[in-house]
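Chemist: Line by line, the protein sequences give chains A and B. Under the numbering used here, the first residue of the first sequence is numbered 1, with each subsequent residue one higher. Under the numbering used here, the first residue of the second sequence is numbered 666, with each subsequent residue one higher. One structure, as structure tokens, below. Some questions next.
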Amino acid sequence: MNRRRLATAAMLSAALLVGCGGGVGPSEGPKVVVLGFDGLDYALTRQLIDEGRLPNFARLESMGGFTRLETTIPPHSPVAWSSFVTGMDPGGHGIFDFLHRDPETMIPYSSTAAASTGGRFLEVGRWQFPLTGGDYEQFRHGTPFWEVLEEHGVRTTVIRMPANFPVSGTASRELSGMGTSDIQGTDGTFTFYTSELFADREISGGDIVELDIYDNVVEAELLGPDNPLLRAPEQLTAPFTAWLDPETQSAKIELGDQQIVLRVGEWSDWLAVEFEMMPTQHLRGICRMYLRALEPEFELYVSPIDHDPMAPAAPISTPPDFAAELAEAVDRFYTEGMPEDTKTLTEGVFTPEEFLAQAKIAGDEVAEQYGYVLDRYLEQEGGFLFYYFGNVDQIGHVRWRSRDPEHPAYDPASDAVHEDLIPTLYEGLDTIVGQTLDRLEAEAGLGDGGGEAPMVVVMSDHGFASWRRAFHLNAWLMEKGYLTARTADPFADEGFLLNVDWDKTRAYGIGFSGLYVNLRGRERDGTVTAAERLALVQELREELLAVVDPETGEQAITQVQLREDYAFQQRTAIGPDLVVGYAKGYRGATESASGEVVGEVFSDNDSAWSGDHMMDHRTVPGVLLVSRPLGRPARGIADLAASILAEYGLEEFPTLAGGAATGSP
Amino acid sequence: MSLVNDLLRVVFDAALRPFAALPPIVPVTLAALASGIFALLVYRWTSNQEALAAVKRRLFAHLLEVRLFNDDLRAVLAAQLRLLRENLTYLRLNLAPLLWMIVPFILVIAQLQFHYGYDGLEVGDRTLLVVDLAATDPEGAAAVEPVPRPPVELDAPPGVAVETDGVWIPSLRQIVWRLRAEEPGDHELTVSTGGVAFTKSLFVADPEGGARRVRRSPTRRRAAILDQLLYPAEPSLPRDGPVERIEVQYAAASISFFGLFDVHWLIAFLVLSIALAFGLRKRFGVTL
Chain A
1 MNRRRLATAA MLSAALLVGC GGGVGPSEGP KVVVLGFDGL DYALTRQLID EGRLPNFARL
61 ESMGGFTRLE TTIPPHSPVA WSSFVTGMDP GGHGIFDFLH RDPETMIPYS STAAASTGGR
121 FLEVGRWQFP LTGGDYEQFR HGTPFWEVLE EHGVRTTVIR MPANFPVSGT ASRELSGMGT
181 SDIQGTDGTF TFYTSELFAD REISGGDIVE LDIYDNVVEA ELLGPDNPLL RAPEQLTAPF
241 TAWLDPETQS AKIELGDQQI VLRVGEWSDW LAVEFEMMPT QHLRGICRMY LRALEPEFEL
301 YVSPIDHDPM APAAPISTPP DFAAELAEAV DRFYTEGMPE DTKTLTEGVF TPEEFLAQAK
361 IAGDEVAEQY GYVLDRYLEQ EGGFLFYYFG NVDQIGHVRW RSRDPEHPAY DPASDAVHED
421 LIPTLYEGLD TIVGQTLDRL EAEAGLGDGG GEAPMVVVMS DHGFASWRRA FHLNAWLMEK
481 GYLTARTADP FADEGFLLNV DWDKTRAYGI GFSGLYVNLR GRERDGTVTA AERLALVQEL
541 REELLAVVDP ETGEQAITQV QLREDYAFQQ RTAIGPDLVV GYAKGYRGAT ESASGEVVGE
601 VFSDNDSAWS GDHMMDHRTV PGVLLVSRPL GRPARGIADL AASILAEYGL EEFPTLAGGA
661 ATGSP
Chain B
666 MSLVNDLLRV VFDAALRPFA ALPPIVPVTL AALASGIFAL LVYRWTSNQE ALAAVKRRLF
726 AHLLEVRLFN DDLRAVLAAQ LRLLRENLTY LRLNLAPLLW MIVPFILVIA QLQFHYGYDG
786 LEVGDRTLLV VDLAATDPEG AAAVEPVPRP PVELDAPPGV AVETDGVWIP SLRQIVWRLR
846 AEEPGDHELT VSTGGVAFTK SLFVADPEGG ARRVRRSPTR RRAAILDQLL YPAEPSLPRD
906 GPVERIEVQY AAASISFFGL FDVHWLIAFL VLSIALAFGL RKRFGVTL
């Protein structure tokens, strides 16, 4: 065969092989599947199992065991999941709260990750061209347990692990979870377009855009981030047009080269969005639209614009094309960390039913992808799989009061109908557990006398409780003389610690549980010396534990931990000096968490955000269910990684106790 | 033109049917090979081969001239002028074969586009049916008074669900329905207005059938010459009828280029046609 014929044959062979994919190679170690159910409450799970509503949870309990899983101090999701990942407490992994502050500038920032736009630019006129790429920084310290598994040849798949954005890059397959930003770099900013006059107002987590309608035609723009290629900040936008037909209560919407028709009350599928940064450069995102009303006012909700998993501009998966693989296998999906748009409810944009419809879309996506991920995992001979579900947590936050008629914001008209909502969500998770057990048992061939089924672990990071009363920590500090405000006018307080008179302040609060000493040499305008610090924190602890809610007569704070109490001490310097643990039913006020100072010390929680867990960690334990007893039992969430590694025969991993934990299972 | 399109549809449907289940790059490569050979034959018959050979020799000579006399600015400039002139001559000699080839190529490309340029709907997919109505009011009337909703009806066969009422857009004289594919098949939608009915095909692929690459027609238009040339996949609408255009949205498709990367079929076709024609030119005794 001459060279030309050989080339032709090769070409034809290649043509015939098009579409054939490669197989999955072998991996080592047993199979362990961990299902992470954010916010699954121990007491409610126990109750529902006992009532027979969670048959697959009961099946797991009978196979291996069911126990409470101690959560972290403080019991916040990014803190608890970081402890799960690293085996350390916040003193080791460095995540103490949702918010930290820079003591040199006193500016609060997200505790888990930050983005940088790149170091050097070539500036030409109004343009700037990055010479070095922008980057995302992960603030969690410590070694993820899956990295140890990978080092020992165990293939790991870690899907939506909270506080893992940007992805670690050390798992075989990873998708980032809670903490992943939308395309604007926020936790999720929706846009609500309305023709209602004077509707424009400042809300948290969203933008309200007032617009005009001419001849039943709406011309508007989707809002993106600032154009990174321009020297002066200028927001990127993508135009869209909606033609309204009041007679049929529907509209045609055109965005780029996509056209859709929506009836009032309908959600669109995912729409691709392209923001033009310059004629040859585009930033790609995705969004969903919800046509809320045409009359009497036009109302259109546009979801936060997420990174397009087909071409994400942020490191959301390992390998980088894994997100696209998922999108091709199932569909595009929410890539932001917490896709349930709770702000629509707390800000009064959606009714509970509308919010629940949106949350269902987000939850169904996660469940559908789980099927694909489990299929791929089962192709392997061994390996580790973690998969996260956050629906129960996010819906629990905004609908918990439907279970609590004593809640100050309980509305019999709208809440009573949702009394069984959360148990129903638990039943949905029970179905997931059942499917997992069935698939794994079938794969192990148990019915044919096969070997032992892979291990299944169901765990949660914390439980839940009704949040009835808010404690304004900074107002309390001011009342007690530890903090001085520049102005006593609550309407002039901009939050973010801007109202603090630092020269006259000894302690301040930021975040949901953090209390910091204004320490000289650490804080920009510190007033407390290192010698005075310990006495001050002891004094604060005693005073906080003595706080009584004048309205209920109850002790509002039942636990105060000093940073010296953490088992790991490597990173306590960036954390709070005291961690406040609120009694069940109490929580730090949102205003105080974001650095507002003035106002009343206690208030009723009249928000839709009625369920929470940022309390005394002993009151909100998570759950642990296992399909067979753990070789190395775990008492708390920080012990669990060591227990998982022990299933693979790996014993070297940090634990709070510095060795084998105790407890059951 | 309609007769030509009718004939070409039958020919291409029949010719491409055996390859429907194969990777599209296979029929595209064969079509490129046939087109390349056709182009070579047309080129040989319609071009002045002796003149082309002479021009190429002179081009080569002037290139040598530039190289040999590069220390003589006047000679180099003169040689470059002559190069320019010979290039123009070369283009002029190519004009005739290009004119002979352009119409057949447009017809072929238009037919192939409707086989390989669009992804078919699958069961569960949604699409829009867009109907543009002809202007009937006196010019300027629409700007003063709202245009009333015209009586347009849509009949969908079993297997296609009509999910919304028709959205009427007076400013565009357009009515739009949202459809959902429920069963595989080559369905026929019927749009009726003013006592006249028009049909529109809607192809829903059968995931079990394998025959995924068959003709899909996204648009049916009035019988203007250019539209007939560019959109030959369905018979044209009557030139004086009440409907200007009926369109179904199919997503644009790409094909795998021998498993190396995905590309629009037209790019693959043009690259392969040129490469194959170039490779076969000596066997066909053609000077290009």
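Backbone N, C-alpha and C define an ideal beta-carbon position, used for all residues, glycine too. As the structure is a computational prediction, the values presented were derived from the model and not from experiment.
8 Å is my cut-off, CB to CB: does residue 796 of chain B come that close to chain A?
Modeler: no
Chemist: DSSP three-state label for residue 240 of chain A, please.
Modeler: strand
Chemist: Between the stretch 249-264 of chain A and chain B, which residues of the former have a C-beta closer than 7 Å to a C-beta of the latter?
Modeler: 250, 251, 252, 259, 261, 263
Chemist: Say whether chain A places a C-beta atom closer than 8 Å to the C-beta of residue 807 of chain B.
Modeler: Low confidence applies here, because residue 807 of chain B scores a pLDDT of 48, under 50, leaving its location unreliable and the question unanswered by this model.
Chemist: Can you give the Cα-Cα distance for residue 58 of chain A and residue 34 of chain A, rounded to whole angstroms?
Modeler: 17 Å
Chemist: Could you tell me whether the Cβ atoms of residue 951 of chain B and residue 708 of chain B are closer together than 8 Å?
Modeler: Yes, Cβ-Cβ distance for residue 951 of chain B and residue 708 of chain B is below 8 Å.
Chemist: Given a cut-off of 8 Å on the beta-carbon distance, is the pair residue 559 of chain A and residue 575 of chain A in contact?
Modeler: no
Chemist: For residue 385 of chain A, which beta-bridge partners are listed by DSSP?
Modeler: A:33, A:157
Chemist: From residue 570 of chain A to residue 455 of chain A, what does the alpha carbon distance come to, in whole angstroms?
Modeler: 34 Å
Chemist: Would residue 341 of chain A count as contacting chain B if we go by Cβ distances under 8 Å?
Modeler: So, not an interface residue.
Chemist: Taking the alpha-carbon positions, what's the residue 557 of chain A to residue 424 of chain A distance?
Modeler: Roughly 32 Å separates the two Cα atoms.
Chemist: Given that a residue counts as buried once 16 or more other Cβ atoms are within 10 Å of its Cβ, and exposed if not, what is residue 171 of chain A?
Modeler: Buried is the call here.
Chemist: Which chain A residues sit within Cβ distance under 7 Å of residue 778 of chain B?
Modeler: Within chain A, no residue comes near residue 778 of chain B; the closest Cβ sits about 17 Å away, beyond 7 Å.
Chemist: For residue 80 of chain A versus residue 72 of chain A, is the C-beta spacing smaller than 8 Å?
Modeler: yes
Chemist: Please confirm whether residue 243 of chain A has its beta-carbon closer than 8 Å to some beta-carbon of chain B.
Modeler: yes
Chemist: Taking DSSP as the reference, what is the three-state secondary structure of residue 885 of chain B?
Modeler: strand
Chemist: Take residue 631 of chain A as the anchor and find which of A:637, A:233, A:648, A:616 has the nearest alpha-carbon.
Modeler: A:648
Chemist: What residues in its chain sit with their C-beta under 7 Å from that of residue 942 of chain B, if we drop five residues either side in the sequence?
Modeler: 701, 704, 705
Chemist: For the stretch 273-355 of chain A, list the beta strand (DSSP E) runs that are entirely contained and at least 3 residues long, ordered along the chain.
Modeler: 281-287, 289-293, 299-302
Chemist: Step through the CB atoms of chain B and report whether any lies within less than 8 Å of the CB of residue 217 of chain A.
Modeler: yes
Chemist: My understanding is that residue 841 of chain B touches residue 793 of chain B, with C-beta atoms under 8 Å, so please give their C-beta distance in whole angstroms.
Modeler: 5 Å
Chemist: In angstroms with no decimal places, state the Cα-to-Cα distance between residue 68 of chain A and residue 60 of chain A.
Modeler: 14 Å
Chemist: By Cβ distance, which residues of its chain are closer than 6 Å to residue 821 of chain B, with the 5 residues on each side in sequence left out?
Modeler: 827, 854
Chemist: Specify the secondary structure class of residue 178 of chain A as computed by DSSP and reduced to three states.
Modeler: coil
Chemist: Assign residue 273 of chain A to one of two classes, buried (16 or more other C-beta atoms within 10 Å of its C-beta) or exposed (fewer than that).
Modeler: buried
Chemist: From residue 314 of chain A to residue 266 of chain A, what distance separates their C-alpha atoms?
Modeler: 30 Å
Chemist: Let me know the beta strand (DSSP E) ranges lying completely inside the stretch 409-476 of chain A, each 3 residues or longer, listed in chain order.
Modeler: 455-459, 469-471
Chemist: Measuring straight from C-alpha to C-alpha, what distance separates residue 366 of chain A and residue 389 of chain A?
Modeler: 7 Å
Chemist: Would you tell me roughly how many angstroms separate the C-alpha atoms of residue 644 of chain A and residue 417 of chain A, rounded to the nearest one?
Modeler: 41 Å
Chemist: Where does the unbroken alpha helix (DSSP H) through residue 150 of chain A begin, and where does it stop?
Modeler: Here the alpha helix (DSSP H) through residue 150 of chain A covers 145-151.
Chemist: Return the chain-ordered list of same chain residues with a C-beta closer than 7 Å to the C-beta of residue 199 of chain A, the five sequence neighbours on each side being excluded.
Modeler: 208, 210
Chemist: Show which residues of chain A have a CB atom less than 7 Å away from the CB atom of residue 830 of chain B.
Modeler: Chain-ordered, the chain A residues with CB closer than 7 Å to the CB of residue 830 of chain B read 248, 250.
Chemist: Beta-carbon of residue 836 of chain B versus every beta-carbon of chain A: anything under 8 Å?
Modeler: For residue 836 of chain B, the answer is yes, since a Cβ of chain A falls inside 8 Å of its Cβ.
Chemist: Helix, strand or coil, according to DSSP, for residue 516 of chain A in the structure here?
Modeler: strand
Chemist: Any contact between the stretch 609-626 of chain A and the stretch 485-496 of chain A? By contact I mean 3 or more CB pairs, one from each, below 8 Å.
Modeler: no
Chemist: From residue 162 of chain A to residue 40 of chain A, what distance separates their C-alpha atoms?
Modeler: A direct Cα-Cα distance of roughly 15 Å separates residue 162 of chain A from residue 40 of chain A.
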